[in-house]
Amino acid sequence: MKRKLILWVPFGLCAALFIAFFIGLKNPADHVIASKMVGQPLPEFDAAPGIPGQPGAATRDFKDGKPRLLNIFASWCVPCVQEIPMLIRLKDAGAEIDGLAVHDTTPDLQAFLARNGNPYTRIGLDSAGKAQIAFGSAGVPETFVVDGQGKIIYQHIGVVTEEDMPKLMAMLGARP
Numbered sequence: 005m006k007r008k009l010i011l012w013v014p015f016g017l018c019a020a021l022f023i024a025f026f027i028g029l030k031n032p033a034d035h036v037i038a039s040k041m042v043g044q045p046l047p048e049f050d051a052a053p054g055i056p057g058q059p060g061a062a063t064r065d066f067k068d069g070k071p072r073l074l075n076i077f078a079s080w081c082v083p084c085v086q087e088i089p090m091l092i093r094l095k096d097a098g099a100e101i102d103g104l105a106v107h108d109t110t111p112d113l114q115a116f117l118a119r120n121g122n123p124y125t126r127i128g129l130d131s132a133g134k135a136q137i138a139f140g141s142a143g144v145p146e147t148f149v150v151d152g153q154g155k156i157i158y159q160h161i162g163v164v165t166e167e168d169m170p171k172l173m174a175m176l177g178a179r180p
């Protein structure tokens with residue numbers, strides 16, 4: 005009897021661990037990824053214009069006293085296409101949005117913006133991804149709210165949705 009019990013103990017322990025891990029993964033304690041960039045000055049970057057006729061983006065552009073959004077995106081990014089209509093709505097509501105296109109080319113950007121619309125005041129081309137790395141950005145799309153002094157006050161990871169609009173507009177000091 006004792007021997008049968010000893011054989012089942014490892015199985016029981018494995019089953020208990022599996023259940024505990026499953027519950028932890030299904031119901032994480034925190035659904036928000038904390039950003040180390042919030043509260044920090046914008047990293048130094050100077051990205052050349054991504055398309056002709058529209059200025060590039062640089063750190064100095066975010067120190068003019070006017071809060072704005074910095075959207076990191078790419079023409080090859082499927083979720084980036086999904087968020088363009090919301091970015092256009094934010095722009096129409098008074099938000100100023102600068103873009104940083106990562107691992108991209110000018111022809112691809114031009115085609116992307118022609119198909120989907122252009123919500124950006126400036127578009128910098130970060131073809132090597134160096135600025136993206138400086139931001140600690142793991143992927144695209146990602147949107148930062150930058151105060152008028154060049155400090156990051158909020159980081160939104162993923163697609164900007166309808167539910168995000170009031171919070172973003174409030175942080176910019178405008179109404180949705």
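First residue of the sequence shown: 5, per my numbering; consecutive thereafter.
Every residue, glycine too, gets a C-beta built ideally from N, C-alpha and C.
Fair warning: this is a prediction, and the values are worked out from it, not measured in the lab.
Supposed contact pair residue 102 and residue 61 - C-beta distance, whole angstroms, cut 8 Å: Here the question's residue 61 lines up with position 57 in the sequence shown. Here the question's residue 102 lines up with position 98 in the sequence shown. With a Cβ gap of about 5 Å, residue 61 and residue 102 count as contacting.
Assuming residue 173 contacts residue 118 (C-beta within less than 8 Å), just tell me the rounded distance between them. Along the sequence shown, read from residue 1 onward, the residue named residue 173 stands at position 169. Along the sequence shown, read from residue 1 onward, the residue named residue 118 stands at position 114. Going by Cβ atoms, the distance from residue 173 to residue 118 rounds to 27 Å, so no, they are not a contact pair.
Count the other CB atoms, across all protein chains shown, that sit within 10 Å of the CB of residue 115; report buried if there are 16 or more and exposed otherwise. As a first step, residue 115 must be located in the sequence shown, where it is residue number 111. The residue is exposed, with fewer than 16 neighbouring Cβ atoms inside 10 Å.
Can you tell me where the beta strand (DSSP E) with residue 126 in it begins and where it stops? Taking the sequence shown and counting its residues from 1, one reaches residue 126 at position 122. 126–130 is the extent of the beta strand (DSSP E) around residue 126.
Through-space distance from residue 42 to residue 146, alpha-carbon basis: Working through the sequence shown from its first residue, we reach residue 146 at position 142. Working through the sequence shown from its first residue, we reach residue 42 at position 38. Distance between residue 146 and residue 42, taken at the CA atoms: about 13 Å.
The stretch 149–167 / the stretch 54–69 touching (three or more Cβ pairs under 8 Å): yes
Between the CA atoms of residue 84 and residue 141 - distance to the nearest angstrom: For the purposes of this step, residue 141 is taken as the residue at position 137 of the sequence shown. For the purposes of this step, residue 84 is taken as the residue at position 80 of the sequence shown. Approximately 15 Å, taken between the alpha carbons.
Rounding to the nearest angstrom, what Cα-Cα distance links residue 80 and residue 177 in this structure? Here residue 80 is taken as the residue at index 76 of the sequence shown, counted from 1. Here residue 177 is taken as the residue at index 173 of the sequence shown, counted from 1. If I take the Cα positions, the gap works out to 32 Å.
Return the Cβ separation of residue 158 and residue 149 in integer angstroms, given the expectation that the two are a contact with Cβ distance under 8 Å. Working through the sequence shown from its first residue, we reach residue 158 at position 154. Working through the sequence shown from its first residue, we reach residue 149 at position 145. About 4 Å; that satisfies the 8 Å criterion.
Please classify residue 111 as buried or exposed, where buried requires at least 16 neighbouring CB atoms within 10 angstroms. The residue you call residue 111 lines up with position 107 of the sequence shown. Around the beta-carbon of residue 111, fewer than 16 other beta-carbon atoms lie within 10 Å, marking it exposed.
Checking the sheet assignment: what are the DSSP bridge partners for residue 75? The residue labelled residue 75 in the question sits at position 71 within the sequence shown. DSSP, once it has assigned bridges, lists 103, 147 as partnering residue 75.
Taking 6 Å as the limit between beta carbons, can you name the residues of its chain near residue 88, skipping five residues before and five after? As a position in the sequence shown, residue 88 is number 84, starting the count at 1. 120, 121.
Could you tell me the boundaries of the alpha helix (DSSP H) in which residue 137 lies? Numbered from its first residue, the sequence shown carries residue 137 at position 133. Taken as a continuous stretch (DSSP letters only), the alpha helix (DSSP H) holding residue 137 covers 134–138.
Expressed to the nearest angstrom, what Euclidean distance is found between the alpha-carbon atoms of residue 48 and residue 15? The residue given as residue 48 occupies position 44 in the sequence shown. The residue given as residue 15 occupies position 11 in the sequence shown. Rounded to whole angstroms, residue 48 to residue 15 spans 54 Å at the Cα level.
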